[in-house]
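Numbering (this note's numbering), first residue to last: 4 to 234.
Structure representation (structure tokens):
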């Protein structure tokens, strides 16, 4: 039976490209999207592939929506081999923590961090030993060279996602589920802007590698360009 993946935020950008590359490998890919029409438009761009694309309506910031999505998924698929938590927002720009509205910080964390947690809690029961969870993070959340001044709230959310990745890697180790974070780099998307140096194809490359080719023993690590990097 072909492998099955679920990618959130898959109607555009890196998420859409991850889905496309997995479909080209013959996977069954579920595109987690808030808007079904936008999801259909994304699927229409894939053309002929050896895999199968399916839409799953969900909002990672809404616990009930995620739970309904898990129920709908379970009714149509017996297992989930790879969960890629890609959905994220960047709404606060370069506002610093002295001026940003706390509610805006909370919304960013609700999507970028708790969204991944909701997905993992809702879908982990469908994930057998050997399955993989990939959290799309950013080096903006890394501490190794000092805290990034780039987009402070976004940076805060990605640092939190990295910590969550480490905890979940430990928590899910007994179940044989690998959990890793990946930095796709600065990519030309709606979020990254037209001046970014990387294409979506390049941005999707390492997440797809983690999903398909990386050693299954890798867990609790942070990756970029198929190499482990420091937190």
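Every residue, glycine too, gets a C-beta built ideally from N, C-alpha and C.
- In this structure, the beta-carbon distance from residue 52 to residue 27 falls below 8 Å.
- Non-local C-beta neighbours of residue 140 in its own chain, meaning closer than 8 Å and more than five positions away in sequence, comprise 161, 164, 165, 168, 184, 185, 186, 225, ordered along the chain.
- Residue environment analysis places residue 84 among the buried positions, since at least 16 neighbouring C-beta atoms fall within 10 angstroms of its C-beta.
- Remark: fewer than three beta-carbon pairs, one from each stretch, lie closer than 8 Å, so the stretch 60-74 and the stretch 94-106 are not flagged as touching.
- With a 10 Å radius around the Cβ and a threshold of 16 neighbouring Cβ atoms, residue 153 comes out exposed.
- Secondary structure at residue 103: coil, using DSSP grouped into helix, strand and coil.
- The beta-carbon separation of residue 135 and residue 188, rounded to 20 Å, does not stay under the 8 Å limit for a contact.
- Going by DSSP, residue 86 is part of the beta strand (DSSP E) stretching over 85-88.
- Contact between residue 12 and residue 89 holds: their C-beta atoms lie close to 4 Å from each other, under 8 Å.
- Note on the stretch 109-150: whole alpha helix (DSSP H) runs with a minimum of 4 residues are 117-126, in chain order.
- In the DSSP assignment, residue 204 falls outside any beta strand (DSSP E) and lies within the alpha helix (DSSP H) extending over 203-215.
- With distances taken between CA atoms, residue 129 lies nearest to 82 out of 29, 99, 82.
- Annotation: the continuous alpha helix (DSSP H) that includes residue 76 extends over 66-79.
- Looking at the backbone, the Cα of residue 121 and that of residue 63 are separated by about 7 Å.
- Residue 59 and residue 65 have their C-alpha atoms roughly 14 Å apart.
- Our two residues, residue 192 and residue 24, have alpha carbons roughly 17 Å apart in a direct line.
- In the DSSP assignment, residue 183 forms a beta bridge with 137.
- Per DSSP, residue 48 has no beta-bridge partner at all.
- For residue 48, the closest C-alpha among the options 77, 16, 231 is that of 16.
- Residue 172 is not bridged by DSSP to any residue.
- Assigned with DSSP and collapsed to three states, residue 190 falls in strand.
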